[in-house]
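Chains U and Y are the protein sequences, given in the same order. So the first sequence is numbered by the working numbering: it starts at 64 and just counts up by one. So the second sequence is numbered by the working numbering: it starts at 66 and just counts up by one. From the three backbone atoms N, C-alpha and C, an ideal C-beta is built for every residue, glycine too.
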Amino acid sequence: MSDQSGIPGAAPGGTGGRSGSVTLVDQANLGPRTAEGSSFFGAAAPVLRLAYSLISKNFGALLLGLIVLSIFGTFLQGGATLMGNQIKNALVLGAIYALVAIGYTMVYGIIELINFAHGDVFTVSGFYAIFIANTLHLNSLATSSFGGLLLALAIVFPLSMLAAGLTGVAIEFVAYRRLRDAPRLAPLITAIGVSFLIEGVMLVREGPDYVTTGQASWINGTAFKLGQVSIGYTDLFVVGTALLLMFALGAFVQRTRLGKAMRSTAQDRTAALLCGIDINRTISATFFIGSALAAAAAVIYSINYGDVKWNIGFRLGIIAFTAAVLGGIGNIVGAGVGGFLIGLIYVFGGSLVGGEWSEALIFAILVLILTFRPVGLFGVEVTTRA
Amino acid sequence: MSENGQPVVATTADTSTVTDKVIDLRAIDVYYGRVQALTRVSLEVRQGEIVALIGSNGAGKTTTLRTISGLISPRKGEVLLFGKAIQGIGAAQIARLGVGHAPEGRRLFARMTVRENLDMGAYSRGDRAGIRTDLERVYTLFPRLRERDSQLAGSLSGGEQQMVAIGRALMSAPKVLLLDEPSLGLAPILVDAIFEVIREINAKGTTILLIEQNALLALKTAVRGYVLENGAVALAGPSEELIASPDIQRAYLGM
Ligand SMILES: Nc1ncnc2c1ncn2[C@@H]1O[C@H](COP(=O)(O)OP(=O)(O)OP(=O)(O)O)[C@@H](O)[C@H]1O
Ligand SMILES: [Mg+2]
């Protein structure tokens, strides 16, 4: 499947500056077909091709350089306190992007579909969490005592994740399964349709305005201060929970039987079938886990920002998708790292050129990645013999 | 073979019981979209046999194995495995029934280690002790894989990859093993080694259906053979008879 079909689309220079034994595969086939576009420039072609290959090979370094520069710029503008606060904000935002990005990358890895509805599963999960909290009176429980808070968290996380997981499974079953062997554009269009459908339902049910979750008051207080920067318990909770979930997922995918079934199905579906792996169940499980992580992100989001709206998942989803592409679509660790990098770019890019530019900046980065390094920073490594 | 496509060598008389037939294809027609790949192909493999499937490129050999494994369904005709019709039960289920398939192109999990690939072969088994015994057996058959067990499968040499492909199929403890050109791209000395292993596997009780470009080697290894031409069975019979057939000698043995 993906392994083989990805190779022809691998971008020029996509092999990276390595010894040649490791090839990064443009799994998504997102990259330019050939480098020949530059022949347009006639005599300048060799120079441009060299520039292209330099940027392509050093994309990660260039991006990191820009991030460090913008952090430093923020320091010059507002001093250590502003810089520290922004780093904190970036990590909190990045944790949420990372969790959502993992869902995109897992689904892409296994069925080569950019699941546009994923961002809306995030939003819907936010409403699930509100519903669960209201129905079970968790808001008063959570604010009553520390034990009450732990209990409320222990209820709202698994229940929202379960509900979101089932939503994801249902979406795959209804909208994507029958199109699995159809041309790739078909499920992609369906995914956009599912996205609009979910947004429409939320708009009608929840209204056009922000809905306060009540979870903003769950966790309060400053844990400690780093200089003038106060680190709240919420901040620790957000980043800690995200990291915990990501490591748990990593262990799951590496070690468990189902995790191995997911990896092997992503690498070669036919071979997985021949090993007796139930492909439908494996794909359902992938959707379940990806959606459950989006729900965890939504609960974290609710606790941190305090309100949700019918369409927040749309932009947030595309930004998280950018994080997945940055990390190398199909690569779970890449999506995690990509999420935090995008968080940094969003916050520090914004603090330098103005917050209203943040999203434009992210999408400019998306275009740059697709042009210069469609395999992403980490790609999906396929070790081949020279 | 013959002008009208009729077998010139008669199939051995059907005196066996139904349960004796591990694989029983009955006049299957298989299509890829509108293109017909197999026409009324009938083929049997009995318990304990090595059967060879030969024919030129595009004759339909791989398609035949894919049909047996349930990767593709016949439009007409019947596929019986272990005496039962398997219509529509799906490839994963067929694998669990005891059909091991080392497919064309090897299809290893390139980003998994040798050991993980072998483990995936045993995916649907629960008997830990049996799995350990079989892993040991694969490592004994292919000592090279033991040395490489934590290397990514995608970085192995072609021959090593072939060993993993066969090993992975063996790890399911199959009752019948389908091998699609196990010698492809191997050095002559390795080809002999692989065929030695194939005989050894068979001697331990596994039935084998084998595709092989080297018709002589295939027929010498097998008790019976089928010759496919343009998606139809042109000839079938005991190996010695096929080797002795002038048509076969001219077309496949280069004599
Ligand atoms: N996925 C496919 N789509 C369309 N046609 C196919 C497909 N796979 C095989 N065919 C066609 O079916 C016929 C039989 O192919 P098959 O792979 O079974 O041949 P083969 O005997 O295994 O050949 P080889 O020795 O080259 O492996 C060929 O004409 C081939 O072009
Ligand atoms: Mg073939």
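Chain-order list of chain U residues neighbouring E181(Y): K323, R326 and S327, by C-beta distance under 9 Å. For V264(U), the closest alpha carbon among the candidates A180(U), R326(U) and S421(U) is that of A180(U). Listed in chain order, the non-local C-beta contacts of I294(U) below 6 Å within the same chain comprise A286 and F287, local neighbours out to five positions each way being set aside. The beta carbons of G406(U) and A398(U) sit no closer together than 7 Å.
Taking Y167(U) as reference, the option from F350(U), V430(U) and I150(U) with the minimal CA-CA separation is F350(U). For the pair M224(U) and A311(U), the CB atoms are not nearer than the 7 Å cut-off.
Listed along chain Y, the residues sitting closer than 8 Å to I342(U) by beta-carbon distance are A157.
For G125(Y), the shortest separation between its Cβ and any heavy atom of ligand 1 lies below 6 Å. Residues of the stretch 198-214 of chain Y with a Cβ closer than 7 Å to any Cβ of chain U: none. The alpha-carbon separation between I259(Y) and L248(U) amounts to approximately 43 Å. Residue environment for K323(U): buried (at least 16 other C-beta atoms within 10 angstroms of its C-beta). For L274(Y), the closest C-alpha among the options R171(Y), V298(Y) and L244(Y) is that of L244(Y).
Per DSSP, Q278(Y) is not a residue of any alpha helix (DSSP H), being assigned neither H nor E. Selection Q314(Y), G219(Y), R264(Y) and P139(Y) evaluated against D331(U) yields G219(Y) as nearest (Cα-Cα). For P239(Y), the number of other beta carbons within 10 angstroms of its own is at least 16, and it is reported as buried. Annotation for Y97(Y) indicates a beta carbon within 6 Å of some heavy atom of ligand 1. Annotated three-state conformation of G165(Y) is strand, per DSSP.
Distance check between G296(Y) and each of D85(Y), V164(Y) and K126(Y) places K126(Y) closest, using alpha-carbon atoms only. For E294(Y), the shortest C-beta to heavy atom distance toward ligand 2 is 6 Å or greater. Short note on E269(U): C-beta not closer than 6 Å to any heavy atom of ligand 2. Under the rule that a run must span 4 or more residues, the alpha helix (DSSP H) segments found entirely inside the stretch 100-134 of chain Y read 126-133. If you draw a straight line from the Cα of M177(Y) to the Cα of Y96(Y), it comes to about 33 Å. Looking at the DSSP output, T275(U) bridges to D370(U).
No beta strand (DSSP E) of 3 residues or more sits fully in the stretch 183-215 of chain U.
The straight-line gap separating the alpha-carbon atoms of P246(U) and G442(U) is approximately 24 Å.
For F236(U), there is no enclosing beta strand (DSSP E), as DSSP gives it neither H nor E. For L429(U), the secondary structure class from DSSP, reduced to helix, strand or coil, is helix. The beta-carbon of A252(Y) is placed no less than 7 Å from the nearest beta-carbon of chain U.
Residues of the stretch 168-180 of chain Y that bring their beta carbon within less than 8 Å of a beta carbon in chain U comprise P168, R172, L173, F174, A175, R176 and M177, in sequence order. Judged by DSSP secondary structure, A218(Y) falls outside any beta strand (DSSP E); it is assigned neither H nor E. For L318(Y), no beta strand (DSSP E) run applies, since DSSP gives it neither H nor E. 7 Å or more divides the Cβ of V163(U) from the Cβ of A329(U). In the structure shown, F287(U) adopts extended strand secondary structure according to DSSP, grouped into three states. Comparing C-alpha distances from L200(Y) to each of R105(Y), A309(Y), P168(Y) and R233(Y) shows the shortest one belongs to R233(Y). Within chain Y, the residues placing a beta-carbon under 7 Å from that of G339(U) are A157, A160, R161, Y188, S189 and S237, ordered along the chain. Each of M309(U), F194(U) and L199(U) was checked against the Cα of T276(U), and the nearest Cα belongs to F194(U).
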